[in-house]
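Protein chains in written order, with this note's numbering: chain P, 113 to 524; chain V, 113 to 524. Here the structure comes first, spelled out in structure tokens, and everything after it is commentary.
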């Protein structure tokens, strides 16, 4: 089946908003085995929107529209799609009640008159409840074609798609799709691709698709089969093979688990506490770790020792070390990690010191970073050379600190 | 004039990449006074790409294509556009030499044969040098229509557009465009819009366009005139008016200055040093400050006191304060800021303590945050209630800490 995306909104045409919805929907469609050949962005204009929908139906089976479902006169997506498909609007009692209830629970308790516009739905369409807003999603089927209408705000669109639209699209396909994600850290994209070149070469079903991230590569394994059970069975040995090939570099085999989730999970499992001591990353590593809910169980404190004086005062790094080897050195990274663990009484301490640029420091090149990890009184220090501008270098340093941390916990 | 964007690339159709180029180009076109009615994304497929370009030329004067200029056989944008416009390709000596020089300076010194494909340009086109890659940009004019071809990687596209394409587009317009940005912090979007409703109501030239960010609103003032001097003259009084209306809430009137740049600038100007002490934001504030190159002059250290014990041990917050008022309280924020300044010897210390969620703490609601700022021995503490999920709350807390910090430096 062929799908097509239409994003509706003047804010996209003016560049006020980056279209993250399109990437989200496209990735999900790819996963569902739907081919996408076109994505179009168009404004809240009746004539142009109608023409865009008509063109899309000529070349695609499923048209997914996002945005333009709001309560104002400008919002036209539902009205125009209903007109193009010949499905007149009428009020949906259930939706009206849901909107009433939504406002009762919100801060602004009064429903304005134009909100009732959102309770109008095309006759014969399936209404999809919106748990995070007022506009319902809509599935409109006619003459073998399907239009799916989704609200624009990502916090409404994403859960609605995952909970209701994904299963619907899976159900109308002749085959069922099932996919699993194998997440790899510590190996570059090209290395990962080389190591699975033979698998990719001969693949038909299941398929493996690599997605490169900063410091990570995610491999999506997707199978098509007559039912989910069959598809799952086909995915399983491929995931197993990938796990074997990449061994300890596989940090998760679940869609929603991040590298920081895995590291925090390991710390919890082993009942270890962690301290971070950062120089060039300036808190980026700690900020990433503290994204994880419940991190307080294992992460008690972090120190950002940006200046040499702070490294000495807060971490007792020796004056002679800084003088002889410099702040950006394996010796400094080692003392930072060791003393950080000792001073805070944490089981593990990870340290980062490096040059994010734009200028050289201590006559050392931009991108040079040392990361240390002290665990069970032993300190591992690694030297890295990262490319790119200041914030890219900082990001790479933070992700590599997570990777080293994970390695140290696993190995010892 | 009407412009249209065509983004070319399978990675966009598969959702591997978020199309940030489209938002960048759309914002620049809006600024140039070019109307955009359609943005299309299409894959590296000859037939579909040709059809998309033909459709675009029927309804627009300027078609901006990005992506698909690479050296591989898959990259078709130049070939297809040249065919559609009837401008055959021939080798450009200058570009060949530039590519040679580019490889000489790069790590992989060898030019592979397919790289010479990038030296082919449509006859009669203007070649735009790429300072960050091999593929040149191209301006193709024929029969009153213009195609602009840009490389896909943002680090190549953005500088090329700003340096060469923006002035070109400005030059082919009957009028010159000039714009300025007024950046406001500490006021909500609706409040800002209300305060300039009268200006927006009557505006024709210059115009004011608001862009809402987390904790900030940016107002772009744009004038059209016969030349830049005239346009600048028209923008000036509007910027002055906006500065008067929003007073101290205006933190910058320059495009590229961020809130953290302004805060660091103020600290440097007043020769003040800063310490950050963070709980729920877990380093996010420090990470934002240390984005700024040269921050080391004023930022020496930061403490992340996530646990109560860390608040006591590293910041000497009183046990009685934590027991009586809780970690999430104005009293704790106050002691954190005051003691943070004292212990580290910094001139200013900003503290953050709050509940990012998902769970309540101390029977206080998710989103409750206290931010303290100690300057000249006086501590200001403010209470905030933020909405949204964990990371949204942390972002709002960090930006509000920057805003409070700026206020304290300016007021005292």
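We treat Cβ as the ideally placed atom computed from N, Cα and C, and that holds for glycine. Quick caveat, the model's predicted, so the values are computed rather than measured.
N-terminal and C-terminal residue of the alpha helix (DSSP H) that residue 318 of chain V is part of: It is not in any alpha helix (DSSP H) - residue 318 of chain V carries neither H nor E in the DSSP assignment.
Among V:452, V:394, V:453 and V:438, nearest to residue 477 of chain V - alpha-carbon criterion: With distances taken between Cα atoms, residue 477 of chain V lies closest to V:438.
What residue range is occupied by the uninterrupted alpha helix (DSSP H) comprising residue 214 of chain V? 205-217
Starting from residue 414 of chain V and walking both ways along the beta strand (DSSP E), at which residues does that stretch end? 411-417
Which full runs of the beta strand (DSSP E) of 3+ residues lie inside the segment 334-417 of chain V, going along the chain? 362-364, 386-390 and 411-417
Using a Cβ-Cβ cut-off of 8 Å, state whether residue 271 of chain P counts as contacting chain V. Nearest CB-CB separation between residue 271 of chain P and chain V: not below the 8 Å threshold.
Quick check on the DSSP output: the alpha helix (DSSP H) that includes residue 196 of chain P runs from which residue to which? 189-197
Pull the bridge partners of residue 322 of chain V from the DSSP assignment, please. DSSP lists V:331 as partners of residue 322 of chain V.
Can you tell which of P:149, P:455 and P:465 has its C-alpha closest to the C-alpha of residue 76 of chain V? Absent from the structure is residue 76 of chain V, since the part of chain V shown begins at 113 and ends at 524.
Could you tell me the distance, in whole angstroms, from the CA atom of residue 281 of chain V to the CA atom of residue 380 of chain V? Their backbone Cα atoms lie some 39 Å apart in a straight line.
Burial state of residue 523 of chain P (16 or more Cβ within 10 Å): exposed
In terms of residue numbering, what span does the beta strand (DSSP E) encompassing residue 252 of chain P cover? 249-254
With a cut-off of 8 Å, do at least 3 Cβ pairs link the segment 178-191 of chain V to the segment 173-189 of chain P? no
Inter-stretch contact (C-beta, 8 Å, three-pair minimum) for the segment 464-480 of chain P and the segment 501-508 of chain P: yes
Residue 297 of chain V and residue 371 of chain V closer than 8 Å at C-beta: yes
Buried or exposed: where does residue 248 of chain V fall if 16 or more other Cβ atoms within 10 Å of its Cβ makes it buried? Looking at its Cβ environment, which holds 16 or more other Cβ atoms inside 10 Å, residue 248 of chain V is buried.
What are the start and end residues of the alpha helix (DSSP H) that includes residue 444 of chain P? 442-456
Taking 8 Å as the CB-CB limit, is residue 325 of chain P close to chain V? no
Could you give the DSSP three-state label for residue 292 of chain V: helix, strand or coil? strand
Among V:452, V:193, V:413 and V:318, the one whose alpha carbon lies nearest that of residue 332 of chain V: For the options V:452, V:193, V:413 and V:318, the alpha carbon positioned closest to that of residue 332 of chain V is the one of V:318.
How would you list, in chain order, the residues of chain V whose beta-carbon sits under 8 Å from the beta-carbon of residue 283 of chain P? The contacting residues do not exist; residue 283 of chain P stays about 21 Å from chain V at best.
CB contact flag (residue 121 of chain V, residue 173 of chain V, <8 Å): Judged by beta-carbon spacing, residue 173 of chain V lies beyond the 8 Å limit of residue 121 of chain V, meaning their Cβ atoms are not closer than that value.
Going along the chain, which residues of its own chain have a beta-carbon closer than 7 Å to the beta-carbon of residue 307 of chain V, five neighbours each way excluded? 357
Along the segment 132-160 of chain V, where does the CB come closer than 8 Å to a CB of chain P? Name the residues. Going along the segment 132-160 of chain V in chain order, one finds 132, 134, 135, 136, 137, 138, 139, 140, 141, 142, 148, 149, 150, 151, 152, 153, 154, 155, 157 and 160 with a Cβ nearer than 8 Å to chain P.
Along the chain, where does the alpha helix (DSSP H) containing residue 235 of chain P start, and where does it finish? Counting along the chain, residue 235 of chain P falls outside any alpha helix (DSSP H), and DSSP gives it neither H nor E.
Where does residue 312 of chain V land, buried or exposed, given buried means 16+ other C-beta within 10 angstroms? exposed
Short of 8 Å in beta carbon distance, which residues of its chain neighbour residue 531 of chain P, apart from the five on each side in sequence? Order them along the chain. Since the first residue shown for chain P is 113 and the last is 524, residue 531 of chain P is missing from the structure and cannot be characterised.
Tell me, please, which residues DSSP counts as bridged to residue 174 of chain V. V:115 and V:258
Which two residues bound the contiguous alpha helix (DSSP H) that contains residue 423 of chain P? That run of the alpha helix (DSSP H) goes 420-427.
Ordered along the chain, which non-local residues of its own chain (more than five positions away) have a Cβ less than 6 Å from that of residue 87 of chain V? Outside the displayed range of chain V (113 to 524) lies residue 87 of chain V, so it cannot be described from this structure.
Run down chain V in chain order and give the residues with a C-beta less than 8 Å from the C-beta of residue 417 of chain P. Residues of chain V passing the Cβ test: 413.
Are the C-beta of residue 396 of chain V and some C-beta of chain P separated by less than 8 Å? yes
Classify residue 509 of chain P: buried if its beta carbon has 16 or more other beta carbons within 10 angstroms, exposed otherwise. buried
CB contact flag (residue 417 of chain V, residue 401 of chain V, <8 Å): No, Cβ-Cβ distance for residue 417 of chain V and residue 401 of chain V is not below 8 Å.
So, is residue 393 of chain V buried or exposed, given that buried needs 16 or more other C-beta atoms within 10 angstroms? buried
Cβ closer than 9 Å: which chain V residues qualify as neighbours of residue 426 of chain P? 413, 415, 426 and 456
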